[in-house]
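So the sequence shown is numbered by my numbering: it starts at 89 and just counts up by one.
Glycine included, C-beta positions come from ideal geometry on N, C-alpha and C.
Predicted model only: the values in this text are computed from it and were never measured.
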Amino acid sequence: MKNITSVTFFLAFLFLPHILFSQNTITGNVKDPFGNPLFGANVLIQGTTEGTTTDQYGDFSIQTSQSLPLNIDISFIGYETLVYTVYDLNAIEINLKPGNEFDEIIVSASRKAEKLQEAPAAVSVISARQLSQSGGSISPLRALINTPGVDLQQQTGQRINIALRGGSSVFSTNVFPLLDYRSLISPGLEYFDSQNSPLNTIDLERIEVVLGPGSALYGPDVTTGVIHFISKDPFKYAGTTTELVYGERNTFKAAMRHAGHNKKETFGYKVNFRYGSGKDFTLNPDDPEDKKILDTFKTSINRSQINSDGNVDTDATGIKLFDVPQTQKEDYWASAANASLYFRPKNGMEIVTAGG
89 MKNITSVTFF
99 LAFLFLPHIL
109 FSQNTITGNV
119 KDPFGNPLFG
129 ANVLIQGTTE
139 GTTTDQYGDF
149 SIQTSQSLPL
159 NIDISFIGYE
169 TLVYTVYDLN
179 AIEINLKPGN
189 EFDEIIVSAS
199 RKAEKLQEAP
209 AAVSVISARQ
219 LSQSGGSISP
229 LRALINTPGV
239 DLQQQTGQRI
249 NIALRGGSSV
259 FSTNVFPLLD
269 YRSLISPGLE
279 YFDSQNSPLN
289 TIDLERIEVV
299 LGPGSALYGP
309 DVTTGVIHFI
319 SKDPFKYAGT
329 TTELVYGERN
339 TFKAAMRHAG
349 HNKKETFGYK
359 VNFRYGSGKD
369 FTLNPDDPED
379 KKILDTFKTS
389 INRSQINSDG
399 NVDTDATGIK
409 LFDVPQTQKE
419 DYWASAANAS
429 LYFRPKNGME
439 IVTAGG
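Here's what the structure looks like:
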């Protein structure tokens with residue numbers, strides 16, 4: 089009996105540390121910066137193979153024999169990996185930040201969130217930092233000047249047209265420009281008027297350029313590519329931002345952005361104002377090359393003549409109605425204002441209304 093008791097105490101002493109250490113259960117919750125749970129995030133104890141993934145609510149639980157304190161790695165596609173030190177067994181709350189450029193999440197190639205390197209098309213991304221460091225201060229379109237496959241046509245002092253694969257003319261382009269999934273093609277005119285668009289450089293988070301036809305995703309006539317301007321939402325970018333720019337040809341620009349949200353982050357808003365002016369390019373009548381261009385412009389408005397078949401006679405000059413003087417307006421200005429309201433009634437749902 090004495091021997092059995094001794095063996096029992098020996099076995100208890102041998103396995104007691106293992107039993108005690110195995111009682112450590114680490115629990116927590118992983119969310120994105122907006123408070124949405126991240127399903128499938130990896131949670132791993134550093135230096136071990138012990139880990140798990142979060143459930144649909146962002147919750148996780150790990151049982152370990154490691155003693156406290158210990159470090160855990162939390163990672164998720166499109167977000168920076170976070171190292172968190174666990175000192176006790178209380179439930180922990182983790183908020184991951186968006187990842188680096190290599191792991192950047194885009195939405196334009198397939199109309200769904202995916203990693204940039206896994207997109208099924210040639211995609212270039214211009215970040216807000218690149219916008220501020222480029223010529224995008226006057227117009228965000230100028231930030232595209234070094235983007236592969238993109239050609240910019242400076243048509244006036246303020247108006248810029250975009251061309252992918254060379255498909256464009258003065259008043260048209262086969263590129264489909266978007267702002268937060270809203271078309272920037274002017275209704276009725278059916279062309280992209282950059283100087284009167286609602287684009288505001290200080291309100292842009294990034295620009296996604298997708299090369300190639302996109303009619304299957306975005307409708308007919310999207311034959312050369314998509315340029316998607318993604319604006320800053322008020323939950324992630326709250327506060328007031330102002331911008332003043334002055335340059336050659338009396339170029340002047342003033343812009344302001346203000347955004348905010350409630351404490352629960354279920355409602356957000358933002359407003360944008362922009363004004364720009366300067367001196368446009370003009371043609372010199374005394375210069376031979378400029379005069380050739382000026383001579384191509386009509387100096388009168390004529391009424392078409394109808395032939396005997398009831399059709400317009402395109403070969404006839406027509407009947408003059410009145411003369412049109414050739415005048416060039418050197419000064420230009422343009423302004424824009426818009427507002428957006430964001431509603432997030434529950435996780436995974438967002439309603440956005442915008443006008444301007």
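What separation, rounded to the nearest whole angstrom, lies between the Cα atoms of GLU138 and GLN242?
Taking the straight line joining both Cα atoms gives about 58 Å.
Alpha carbon to alpha carbon, what distance is there between PHE385 and ILE407?
Distance between the alpha carbons of ILE407 and PHE385 is about 18 Å.
Buried versus exposed call for VAL297 [16 or more other C-beta atoms within 10 Å across all chains shown]:
It counts as buried.
Thinking C-alpha only, which one of LYS379, TYR357, ALA422, LEU332 is nearest ILE439?
ILE439 has its Cα closest to that of TYR357, out of LYS379, TYR357, ALA422, LEU332.
What residue does the alpha helix (DSSP H) around PRO376 start on, and which one ends it?
Here the alpha helix (DSSP H) through PRO376 covers 376 to 383.
If distances are taken between C-alpha atoms only, which option among ASN262, ASP176, THR387 comes closest to VAL412?
Selected option, being the one with the closest Cα: THR387.
What number of angstroms, rounded off, separates the C-alpha of LYS434 from the C-alpha of TYR334?
Taking the CA atoms as reference points, LYS434 sits about 44 Å from TYR334.
Please check the pair ALA422 and GLY327, which I expect to be a contact at CB under 8 Å, by giving their CB distance rounded to whole angstroms.
The Cβ separation is near 26 Å, so there is no contact.
On the DSSP bridge assignment, give the partners of LEU287 in chain order.
In the DSSP assignment, no residue is bridged to LEU287.
Secondary structure, alpha helix (DSSP H): runs of 4+ residues fully inside the segment 139 to 192
Entirely contained in the segment 139 to 192, not one alpha helix (DSSP H) run reaches 4 residues.
Quick one: Cα of ALA424 to Cα of ARG247, how far?
Near 14 Å, if we compare the C-alpha coordinates of ARG247 and ALA424.
Alpha carbon to alpha carbon, how far is GLN134 from PHE122?
GLN134 and PHE122: Cα-Cα distance of roughly 27 Å.
How big is the Cα-Cα spacing for ASP161 and ARG362?
Distance from the CA of ASP161 to the CA of ARG362, rounded to the nearest whole angstrom, comes to 44 Å.
Which residues DSSP lists as bridging PRO125, in chain order:
Partner(s): LYS119.
The beta strand (DSSP E) that contains VAL400, what's its start and end?
Looking at the DSSP string, VAL400 is not in any beta strand (DSSP E), and its letter there is neither H nor E.
Spatial distance of SER215 from ILE295 (CA atoms):
Their backbone Cα atoms lie some 7 Å apart in a straight line.
Of the residues LEU272, SER196, ILE226, the one placed nearest SER212, counting alpha carbons only
A check of alpha carbon separations from SER212 across LEU272, SER196, ILE226 identifies SER196 as the nearest.
Determine the closest residue to PRO301 out of ASN262, ASP281, TYR325, with distance taken between C-alpha atoms.
When only C-alpha atoms are compared, the closest one is ASN262.
So which of VAL359, ILE315, MET344, SER392 has the shortest CA-CA distance to PRO236?
Looking from the CA of PRO236, the closest CA among VAL359, ILE315, MET344, SER392 belongs to ILE315.
Do you know whose CA, among ARG337, GLY313, ILE290, lies nearest ALA210's CA?
Distances from the alpha-carbon of ALA210 to those of ARG337, GLY313, ILE290 put GLY313 closest.
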